[in-house]
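Numbering (this note's numbering), first residue to last: 335 to 733.
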Amino acid sequence: MPHAPLAARATEPTAFAHLRPALQSMELQKIGAVARLGLEDPEVVPLWFGESDLNTPKFIKDAAVEALAQNKTRYVSARGVSQLRDALRRYTHRVYDLELDPNRVTVCGSGMTAIMIAFQCCVNNGDNVVIPVPVWPNALHSVEVMGGEPRLVRLDDTAEGWQLDLDKLFDAVDERTAAIFLASPGNPTGWVMPADQQRAVLAFARERGIWVIADEVYHRLVFDGAKAAPSFLSIAEPEDPVLVVNTFSKSWAMTGWRLGWMVHPPSLVEVIGDLSAYNNTGATAFVQWAGIAALEQGEDFVRHMISYSRTGRQIVLDAVAGFDRIHLTPPDGAFYAFLRVDGMTDSLRFAQNLVLEHKVGFAPGAAFGPGNENYLRLCFACAPERLHLAFERLQRALG
Ligand SMILES: Cc1ncc(COP(=O)(O)O)c(C=O)c1O
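Now the structure itself:
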């Protein structure tokens with residue numbers, strides 16, 4: 335359904351007549367609507383958010399403490415301290431074997447901030463952004479915040495895994511399309527975009543003069559043994575209309591630290607630096623030193639995160655095999671299982687009931703764009719015993 339707009343979105347009309355219409359009609363966050371029912375209940379097994387239950391490793395915390403002791407507590411460049419941008423250049427070389435001009439790197443307050451900055455760069459009121467779904471809801475809603483329309487193209491759930499039909503993607507692009515947004519590895523599906531598809535999208539974007547926004551926050555979390563998922567960094571020229579978004583949140587278990595980065599054309603250095611300033615005056619100073627430690631000393635931890643996620647993935651695949659009503663297309667990347675539950679028609683109510691009645695927290699499929707009412711998402715980068723308990727409880731709920 336390439337041209338399907340998001341369904342009527344107002345769940346609770348706001349009382350504020352002066353609020354921008356784009357915000358008045360924006361739907362409430364559905365993952366939050368489930369999580370708030372159980373966040374403070376210690377009996378609930380919480381698998382709703384996009385984070386591992388592993389703690390940030392000590393060497394990263396130590397680097398932050400040390401930076402605090404050295405009073406790295408003041409304003410710094412809104413583009414990030416040069417030491418971190420240089421560490422990102424070295425990291426990119428290690429992971430992708432390519433030379434990256436550190437001037438093309440802007441450190442910002444999170445992956446989310448990088449996405450917002452990307453849309454601020456390219457979406458005018460009334461423009462659309464073409465996005466494969468299911469997708470992380472914040473990507474859809476940040477287009478709406480800009481007054482744009484998320485234009486959705488459904489990934490196909492096939493026996494060979496989730497797949498993107500490029501004809502459908504390109505057909506969805508029209509003269510009001512500002513960008514194609516691609517999250518690979520994807521949340522919630524674990525879809526990984528192959529390099530040949532990336533090349534085709536890049537050629538299309540060049541020809542049509544539109545942006546590619548590549549969300550690569552799960553770049554290290556792939557299960558085929560590769561060092562990282564295919565990246566637009568490996569194929570784009572510096573001045574291509576490509577913005578690559580990344581974060582420390584996922585690979586280094588740093589979700590609460592709020593630190594991300596983006597790689598952009600050199601000609602956008604000034605404007606992206608200014609946008610980083612206008613969003614949050616850049617990332618927190620001492621957190622950036624923790625980021626350097628993550629990049630420079632974090633490879634063992636990243637390997638651990640991958641094997642921990644791989645174990646969790648297998649537990650979920652085995653558990654799902656025992657359910658008649660549940661189907662799971664094995665994810666190739668990221669750390670989510672997107673379960674299709676046959677017979678479930680209202681994922682939000684179902685997920686809320688799971689929390690209240692059965693003490694297990696999944697994210698409702700409906701949060702990830704239309705057409706997902708019969709899905710639930712869980713994060714499997716969690717301890718085996720938690721995952722086993724979650725499936726026992728789900729079993730009880732399904733009867
Ligand atoms: C696909 C995707 N992109 C970006 C982000 C943003 O991550 P953060 O803002 O924690 O850096 C997330 C977080 O869940 C995500 O799933």
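Backbone N, C-alpha and C fix where the C-beta goes; we use that ideal spot for every residue, glycine too. Computed from a predicted model, the values in this text were never measured in an experiment.
Quiz item: Under the three-state reduction of DSSP, which class applies to Glu385: helix, strand or coil?
Solution: The residue given as residue 385 occupies position 51 in the sequence shown. Coil.
Exercise. Could you check what DSSP says for Met596 in three-state terms: helix, strand or coil?
Key: As a working note, residue 596 is residue 262 in the sequence shown. The answer is strand: DSSP assigns Met596 an E or B state.
Quiz prompt | Meets three-Cβ-pair contact criterion under 8 Å: the region 542-562 and the region 442-462 | solution = yes
Exercise. Assign Asp666 to buried or exposed, taking buried as 16 or more other Cβ atoms, counted over all protein chains shown, within 10 Å of its Cβ.
Key: The residue given as residue 666 occupies position 332 in the sequence shown. Asp666 should be labelled buried.
Exercise. May I ask which residues mark the beginning and end of the alpha helix (DSSP H) holding Gly366?
Key: Indexing the sequence shown from 1 puts residue 366 at position 32. Taken as a continuous stretch (DSSP letters only), the alpha helix (DSSP H) holding Gly366 covers Lys364 to Ala369.
Quiz item: Nearest to Val467 by CA position, among Arg542, Leu516 and Arg488, is which residue?
Solution: Reading the sequence shown from its first residue, position 133 is the one you call residue 467. Its Cα nearest to that of Val467, the residue Arg488 stands out among Arg542, Leu516 and Arg488.
Quiz item: Ordered along the chain, which non-local residues of its own chain (more than five positions away) have a Cβ less than 7 Å from that of Glu630?
Solution: In the sequence shown, counting from the first residue as 1, residue 630 sits at position 296. If we look at Glu630 and ignore the five residues flanking it on each side, its Cβ neighbours are Ala421.
Quiz item: What distance in whole Å lies between the Cβ atoms of Val463 and Gly482, which are believed to be in contact at a cut-off of 8 Å?
Solution: Counting from one through the sequence shown, the residue named residue 482 turns up at place 148. Counting from one through the sequence shown, the residue named residue 463 turns up at place 129. Their Cβ separation, rounded to whole angstroms, is 6 Å, which keeps Gly482 and Val463 in contact under 8 Å.
Quiz item: Helix, strand or coil: which one does DSSP assign to Trp545?
Solution: Numbered from 1 along the sequence shown, position 211 holds the residue referred to as residue 545. In the structure shown, Trp545 sits in a strand (DSSP, three-state: E or B).
Quiz item: Taking the alpha-carbon positions, what's the Phe350 to Gln358 distance?
Solution: Translated into the one-based positions of the sequence shown, residue 350 becomes position 16. Translated into the one-based positions of the sequence shown, residue 358 becomes position 24. Approximately 8 Å, taken between the alpha carbons.
Self-check item: Cβ-based neighbour list, Thr345, same chain, cut-off 6 Å, excluding 5 preceding and 5 following
Solution: Translated into the one-based positions of the sequence shown, residue 345 becomes position 11. Interpretation of Thr345 is limited by its pLDDT of 47, a score under 50 that renders its predicted location unreliable; the figure taken from the coordinates is listed afterwards. Excluding residues within five positions, the ones whose Cβ falls inside 6 Å are Glu361 and Leu362.
Quiz item: CA-CA distance, Ala627 and Ala619?
Solution: Locating residue 627 in the sequence shown gives position 293, where the first residue counts as 1. Locating residue 619 in the sequence shown gives position 285, where the first residue counts as 1. In a straight line, the C-alpha of Ala627 is about 14 Å away from that of Ala619.
Practice problem: State the Cα-Cα distance for the pair Gly372 and Ala724, rounded to the nearest angstrom. | Solution: To locate residue 372, count along the sequence shown from 1; it is residue 38. To locate residue 724, count along the sequence shown from 1; it is residue 390. Whole-angstrom Cα-Cα distance: 14 Å.
Quiz item: For Ala412 versus Gly607, is the C-beta spacing smaller than 7 Å?
Solution: One-based indexing of the sequence shown puts residue 412 at position 78. One-based indexing of the sequence shown puts residue 607 at position 273. Yes; because the gap between Cβ atoms is below 7 Å, this pair is in contact.
Exercise. Please confirm whether Val477 and Pro471 have their CB atoms less than 7 Å apart.
Key: Numbered from its first residue, the sequence shown carries residue 477 at position 143. Numbered from its first residue, the sequence shown carries residue 471 at position 137. Against a cut-off of 7 Å, the Cβ pair of Pro471 and Val477 comes out as no contact.
Quiz item: Cβ of Trp470 within 6 Å of any heavy atom in ligand 1?
Solution: Here the question's residue 470 lines up with position 136 in the sequence shown. Correct: Trp470 has its Cβ closer than 6 Å to ligand 1.
Quiz item: Which residues have their C-beta within less than 5 Å of a heavy atom of ligand 1, listed in chain order?
Solution: Selection output, chain order preserved: Gly384, Ser444, Gly445, Met446, Trp470, Ala517, Asn521, Asp549, Val551, Thr581, Ser583 and Gly594.
Self-check item: Simplified DSSP state of Trp525, which is helix, strand or coil
Solution: Counting from 1 along the sequence shown, the entry for residue 525 is found at position 191. Coil.
Quiz item: Could you give the C-beta distance for Ile649 and Phe714, rounded to a whole number, given that I count them as a contact under 8 Å?
Solution: Position 315 of the sequence shown, counted from the start, is the residue given in the question as residue 649. Position 380 of the sequence shown, counted from the start, is the residue given in the question as residue 714. With a Cβ gap of about 7 Å, Ile649 and Phe714 count as contacting.
Quiz prompt | Contact belief for Val551 with Thr523 at Cβ below 8 Å, rounded distance in angstroms | solution = Position 217 of the sequence shown, counted from the start, is the residue given in the question as residue 551. Position 189 of the sequence shown, counted from the start, is the residue given in the question as residue 523. Going by Cβ atoms, the distance from Val551 to Thr523 rounds to 14 Å, so no, they are not a contact pair.
Quiz item: Are there 16 or more other CB atoms within 10 angstroms of the CB of His461, so buried, or fewer, so exposed?
Solution: In the sequence shown, counting from the first residue as 1, residue 461 sits at position 127. For the record, residue 461 in the displayed sequence is Asp; it is not His. Under this definition Asp461 is a buried residue.
Quiz item: How about Ala617 and Val441: are their beta carbons less than 7 Å apart?
Solution: Locating residue 617 in the sequence shown gives position 283, where the first residue counts as 1. Locating residue 441 in the sequence shown gives position 107, where the first residue counts as 1. Contact: yes.
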